[in-house]
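Input: a single structure, listed below in structure tokens.
There are 2 protein chains.
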Amino acid sequence: MKASASLVGPGWALAKFSVLTFLILVVLNLAMTTEARPRIRHYKWKVDYLYFSPDCVEKVIIAINGQFPGPTIRARVGDTIVVELENGLPTEGVVIHWHGIHQVGTPWYDGTAFVSQCPINPGETFTYKFMLSRPGTYFYHGHFGMQRAAGFYGSLIVDPEHGAKEPFAYDGELSIIINDWWHRSMYDQETGLFAIPFRFVGEPQSLLIEGRGRYNCSLVPSGSVAGSGDCVNCNSSNPQCQPYILPVEPGKTYRLRITSVASLSSLNFILEGHNMTIVKADSYNVDPVVVENLDVYSGETYSVLFTANQDPSKNYWAAVNVRGRKPATPTGLALLNYLPNPSSMLPSTPSPVTPVWNDFDYSLNQSKLIVARKGYEVPPPPKPDRQLIFLTTQNKLNGRMKWAINNITYVPTSTPVLAALKYGLKKAYDSIPPPDIPTHSFSINAPPANPNATVGSGVYTFQFGSVVDVIIQNANTLNPNNSEIHPWHLHGHDFWVLAYGKGIFDPATDPHSYNLKNAPLKNTVPVFPYGWVALRFRADNPGVWPFHCHVEPHFYMGMGVIFAEGWDRLPNLPKSVLGCGLSKHL
Amino acid sequence: MKASASLVGPGWALAKFSVLTFLILVVLNLAMTTEARPRIRHYKWKVDYLYFSPDCVEKVIIAINGQFPGPTIRARVGDTIVVELENGLPTEGVVIHWHGIHQVGTPWYDGTAFVSQCPINPGETFTYKFMLSRPGTYFYHGHFGMQRAAGFYGSLIVDPEHGAKEPFAYDGELSIIINDWWHRSMYDQETGLFAIPFRFVGEPQSLLIEGRGRYNCSLVPSGSVAGSGDCVNCNSSNPQCQPYILPVEPGKTYRLRITSVASLSSLNFILEGHNMTIVKADSYNVDPVVVENLDVYSGETYSVLFTANQDPSKNYWAAVNVRGRKPATPTGLALLNYLPNPSSMLPSTPSPVTPVWNDFDYSLNQSKLIVARKGYEVPPPPKPDRQLIFLTTQNKLNGRMKWAINNITYVPTSTPVLAALKYGLKKAYDSIPPPDIPTHSFSINAPPANPNATVGSGVYTFQFGSVVDVIIQNANTLNPNNSEIHPWHLHGHDFWVLAYGKGIFDPATDPHSYNLKNAPLKNTVPVFPYGWVALRFRADNPGVWPFHCHVEPHFYMGMGVIFAEGWDRLPNLPKSVLGCGLSKHL
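Read top to bottom, the protein sequences are chains F and H. Each step along the first sequence adds one to the number in this note's numbering, with nothing skipped, and position 224 is 224. Every number in this note's numbering is 1000 more than the matching position in the second sequence, counting from 1.
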């Protein structure tokens, strides 16, 4: 306005200069708007059922905008993500959890059904809106029933601020989600897990890399069977199940982002003939570790570097195998495609073989290698204000198989816990706080003496800003000589992994072994068979936050708890997250 | 009180008599309370997934209290039904529609998702409460997506007042629900109906009588297929698929209640070797008609009488076959068990054969035989206040196959229409009223010239108490030389069936043929290929009422409209029916 006004004044030359300067500044400013300034990134997504054949066997999946995996969000720190999510499913509600995003100030958009919000009803459009505060590899997925297992997931990648540099160099970038896959529908799996007698989902039929696997169609009866519409259609030439291509130029170094959304399996990733250097775990810089293969637990993300330094006349397998459970699933394969070799040129080498499935020390040792990168340490507070010891057991409840924490098996409420706390809806959840420590003496080396659990929806509430330690104590399942890996994921926070241990955690001595120097920050951590893991976090994010085993059937069978802090500091919740259970009376 | 007070008075003998009388009266009164006075009948139901093998092939169904079909409600006129319905499904909402019950004064308990109420969310308990005002054979079923096809249904039988007599006699009573059955899941069927290219559900694999059918297991590949959990399990010896038994004593006469909840098929019912006398249709007395077999359309109920007058040393088949579509499904069989013959004694006779599937005149003539019983006529009002002509066509919308009324295909809202009208939520539905008559000239003998439909959720609103005629005009589908049967069902009302006609309805002449004398009252009526049916009803039930084809895939594909009247006379809606869409802001 000033520049414009000065045109009619005496200082014409100066004014002319000013106008030019102004215009240049405007142009620069515009450039900066598109490149450097935080942006609001708007997405319109519709969730629908879709016939899809990720492993050449067709089934009904839950897809977003007709895509599987769902659309990748690529954004920058400081950006605001707005997702208008329309639920096109006929009778199912949906939510989307943004795994690893802390939702500071927007806990109602954490996307957990009956915790942060009511499920989005069929036909409704719900808008998620949240800011990205930290760069990294994240993902999103359904967090209602076992909808993640139905294919309802995708990637969310956050680049650092313009000019910010990673402490490692690479020429190109690749990204994959790895997963296990079943032919039985999600509904069938859910039914079996709650059935008497119990029917387990069993080992997966296939392993997927970025949504693509390959099933051995010769195992399926040929032709379609009269009247058996549910009988699998297998078609090996379906483009949906051709191997995912990872194209590389010989000699160059790549950053590969790896996310596991596995429903059940601990997965091991191998790049045939190539070492990998772990540089990030759950989006934090870690001390570089060179590995031949990488264990990835459901809910974890990694960035690894590798150099395309092998014989460039060949292509190589990228492979995923099951570890931690006796494998009954063929290797999942993608193609490391050395350009300009054609992607149709498949390796003649056999599928890479992973370390033996029950070498748990191998896995434990790899997890222990993950520590904060030198110079990037964020030391944990020296002492906790409160210590929780979670004995995790397999239990029975009214004849049904369950998982429980200190003998309480989690059952979802029908009112969002966040709304219940915020508005004092005391009938919406168990007001008796669940126990901080196991309520009975226990052994971890045999099936529980008292396998009966009680049902709970109790909430662990923390003083705002307090420091909480959680020790997850693994134990024997209901079957003799069996204990399983459980990757525990915390919403709304990262935690320091202070120590992994074997046997029973000793509160008197084990804390002395805690790593208070370069403990890694993570949002998901495995607890190994017959062992424990000690975590620390600061309860400084106002909201209500699930903490649960990321194995989909385990959480569905009750393996989780609810944490809450500082909800009294929150403004009124958006109306859009209410409407179910007692929250319809607000 | 008087009797008690007189005890201390002088007339002791009289008092003693009075006390005795009083006590006798009390006892009589109590007896009357349990026998004759209207009762409140309280039910606690939980909806869950269940593995079930209605036709020997296992699939996941939607069951109530672990039963299939759901529990039978047996009550008496004047009783109040209270159903506390807990939704135990993990991610799906549910509602229950009480088919044939008018819900006068309680339109919010009609149980139609997004019309009368929000779906009941997982974990919620919703209470239906309504009075039974008329005796008859009714049923209930899911009315959300295609949940009825998942087995979510059961019987509701209302006895007349104590002392009230039916105008026919019988010695015993039997009741069956007949149905068609698919092995593909409801989700798979829904996905196909909205897929591009369209995938039809196809002909059913089996026909069920009271939840039991039998599939030819030799059509299923033997053994389970590695990794193909969805592949059918077939077990002919499963007790869940043994024929339903209709036990009768030789020489006696039985009332058989027949309800069709078929998803797709027009069904024909035969009692081998026994004639049947139709005495009720949709719970109204009709002029007795003797038939050898009975066409029953989805949504209809009948009572027939038959006498066990055949060779008592044998048992007989009760049989269901498909009519109106080219059959590709084996006969559904139950056992008419002449006592004391063992129920294991199966007839050696072949399955009864039904009239040829496309003898539509046979069906039309049977429907025309249904008229009000002499002495029980309820004459329709002589003239309508408004006439609607509904051209029903198969259409395309954005490449998807649809059904439409006057070229508008119904899409559910995300706010209950009842709440939208009552509280003036104008953004919740299309405020432009849909057309009373076809908007374009049309031919019914060829696929529509303009097959494109538009989407609508418009509402036909009627002046309270006015008389409405609806003519449903059938037409050719998108395939040449094809027109299908559609059983149309109206909620909240019965209608008089004034006439069935062939070809295009002529508003000038056809009304002269209307039956104004003994037109039957029904809530469901078939419209036959290339024909029309004329209905009349009085819009005197405050509420919002779907009127739709009772073929599950057809309504799912948009073959329905919403009627509404007198909603301004209603008190505030119960909070329990709100919470979704714009109704969460109330």
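The beta-carbon is built from N, C-alpha and C at its ideal position, and this holds for glycine as well.
7 Å Cβ shell around lysine 1368(H) - same chain, five flanking residues per side excluded: Within the same chain, lysine 1368(H) has close Cβ partners Tyr1500.
Beta strand (DSSP E) containing histidine 97(F): first to last residue? Per DSSP, histidine 97(F) belongs to the beta strand (DSSP E) from 96–99.
Could you list the residues in the stretch 187–198 of chain F with a C-beta less than 7 Å from some C-beta on chain H, going in chain order? Per Cβ criterion, the list reads Tyr187, Asp188, Glu190, Thr191 and Ala195.
Pull up the distance between the alpha-carbon of proline 1511(H) and that of proline 416(F), whole angstroms please. Roughly 57 Å between the two C-alpha positions.
Could you tell me whether the Cβ atoms of tyrosine 43(F) and isoleucine 96(F) are closer together than 8 Å? In this structure, isoleucine 96(F) does not lie closer than 8 Å to tyrosine 43(F) by Cβ.
Identify each residue in the stretch 1557–1580 of chain H for which the Cβ-Cβ distance to at least one residue of chain F is less than 7 Å, and report them in chain order. Listed in sequence order: Lys1575, Leu1578, Gly1579 and Cys1580.
Leucine 156(F) and glycine 78(F) closer than 8 Å at C-beta: Taking C-beta atoms as the reference points, leucine 156(F) and glycine 78(F) fail to come closer than 8 Å.
State yes or no: is the beta carbon of proline 1412(H) nearer than 8 Å to at least one beta carbon in chain F? Closer than 8 Å: yes.
To the nearest angstrom, report how far apart glutamate 1300(H) and histidine 183(F) are at their CA atoms. For the pair glutamate 1300(H) and histidine 183(F), the Cα-to-Cα distance works out to about 38 Å.
Go ahead and label asparagine 1474(H) buried or exposed: buried means 16 or more other beta carbons lie within 10 angstroms of its beta carbon, across all protein chains shown. So asparagine 1474(H) ends up on the buried side.
On the three-state DSSP scale, how would you describe methionine 1131(H)? Residue state, collapsed to three classes: strand.
Work out the CA separation of proline 69(F) and isoleucine 1061(H) for me, nearest whole Å. Isoleucine 1061(H) and proline 69(F): Cα-Cα distance of roughly 28 Å.
Would you be able to state if there are at least three C-beta pairs under 8 Å between the stretch 1536–1554 of chain H and the stretch 1247–1255 of chain H? With contact defined as three or more Cβ pairs closer than 8 Å, the stretch 1247–1255 of chain H and the stretch 1536–1554 of chain H are not in contact.
With three or more C-beta pairs closer than 8 Å as the rule, is the stretch 1546–1559 of chain H touching the stretch 1405–1416 of chain H? By the criterion of at least three beta-carbon pairs nearer than 8 Å, the stretch 1405–1416 of chain H is in contact with the stretch 1546–1559 of chain H.
Given a threshold of 16 other Cβ atoms within 10 Å of its Cβ, counted over all protein chains shown, does isoleucine 1432(H) qualify as buried or as exposed? That one is exposed.
Would you tell me roughly how many angstroms separate the C-alpha atoms of proline 1204(H) and proline 451(F), rounded to the nearest one? Near 44 Å, if we compare the C-alpha coordinates of proline 451(F) and proline 1204(H).
Which residue's Cα is closest to the Cα of aspartate 1568(H): His1550(H), Val1544(H) and Pro1480(H)? With distances taken between Cα atoms, aspartate 1568(H) lies closest to Val1544(H).
From this set, Lys1280(H), Ser1351(H) and Pro1330(H), which residue's C-alpha is nearest tryptophan 1181(H)'s C-alpha? The candidate whose alpha carbon is nearest that of tryptophan 1181(H) is Pro1330(H).
Could you tell me which residues DSSP pairs with serine 266(F) in its beta bridges? Answer is Arg323(F), bridged to serine 266(F).
Compare the C-beta of glutamine 147(F) with all C-beta atoms of chain H and state if any pair is closer than 8 Å. Output row for glutamine 147(F): interface = yes.
Between which two residues does the alpha helix (DSSP H) carrying aspartate 188(F) extend? Unbroken alpha helix (DSSP H) run through aspartate 188(F): 186–193.
Hey, would you say cysteine 1580(H) sits closer than 8 Å to proline 1119(H), going by beta carbons? With contacts defined as CB atoms closer than 8 Å, cysteine 1580(H) and proline 1119(H) qualify as a contacting pair.
Just the C-alpha distance for phenylalanine 1126(H) and leucine 1085(H), rounded to the nearest angstrom, thanks. As the crow flies, the alpha-carbon of phenylalanine 1126(H) is around 5 Å from that of leucine 1085(H).
For phenylalanine 1495(H), which residues from the same chain have a beta carbon less than 8 Å from its beta carbon, with the 5 sequence-adjacent residues on both sides left out? Excluding sequence neighbours, phenylalanine 1495(H) sits near Val1470, Leu1521, Lys1522, Asn1523, Val1525, Leu1535, Arg1536 and Phe1537.
For the stretch 109–136 of chain F, enumerate the residues whose C-beta is nearer than 9 Å to any C-beta of chain H, in chain order. Those would be Ala113, Phe114, Cys118, Pro119, Asn121, Pro122, Gly123, Glu124 and Thr125, in chain order.
Please classify leucine 425(F): does DSSP put it in a helix, a strand, or coil? If DSSP states are grouped into helix, strand and coil, leucine 425(F) belongs with coil.
Applying a beta-carbon distance threshold of less than 7 Å, which residues of chain H neighbour phenylalanine 144(F)? What phenylalanine 144(F) touches in chain H: Thr1091.
Determine, using beta carbons only, whether alanine 1420(H) and leucine 1586(H) come nearer to each other than 8 Å. No, Cβ-Cβ distance for alanine 1420(H) and leucine 1586(H) is not below 8 Å.
Grouping DSSP H, G and I as helix and E and B as strand, with all else coil, what is threonine 1415(H)? In this structure, threonine 1415(H) counts as coil in the three-state DSSP scheme.
Could you tell me whether the Cβ of serine 1185(H) comes closer than 8 Å to any Cβ of chain F? Cβ-Cβ to chain F under 8 Å: yes for serine 1185(H).
Let me check one thing: in DSSP terms, what residues is serine 1303(H) bridge-paired to? According to DSSP, serine 1303(H) bridges with Arg1257(H) and Lys1280(H).
Specify the secondary structure class of aspartate 1469(H) as computed by DSSP and reduced to three states. Looking at aspartate 1469(H) - three-state DSSP - the assignment turns out to be strand.
Check the Cβ of tyrosine 1049(H) against every Cβ in chain F and list those closer than 8 Å, keeping chain order. Taking a Cβ-Cβ cut-off of 8 Å, the neighbours of tyrosine 1049(H) in chain F comprise Tyr187, Glu190, Thr191 and Phe194, given in sequence order.
Backbone CA spacing between proline 1384(H) and phenylalanine 1464(H) [nearest angstrom]: The straight-line gap from Cα to Cα measures roughly 13 Å.
Should the stretch 266–279 of chain F be called in touch with the stretch 318–326 of chain F, which here means at least 3 C-beta pairs below 8 Å? Yes, the stretch 266–279 of chain F touches the stretch 318–326 of chain F.
Residues near lysine 402(F) by beta carbon distance below 8 Å, same chain, minus five either side: Shown here for lysine 402(F): same chain residues with a beta carbon closer than 8 Å to its own, the five before and five after excluded, namely Gln394, Asn395, Lys396, Thr409, Ala453, Met557 and Gly558 in chain order.
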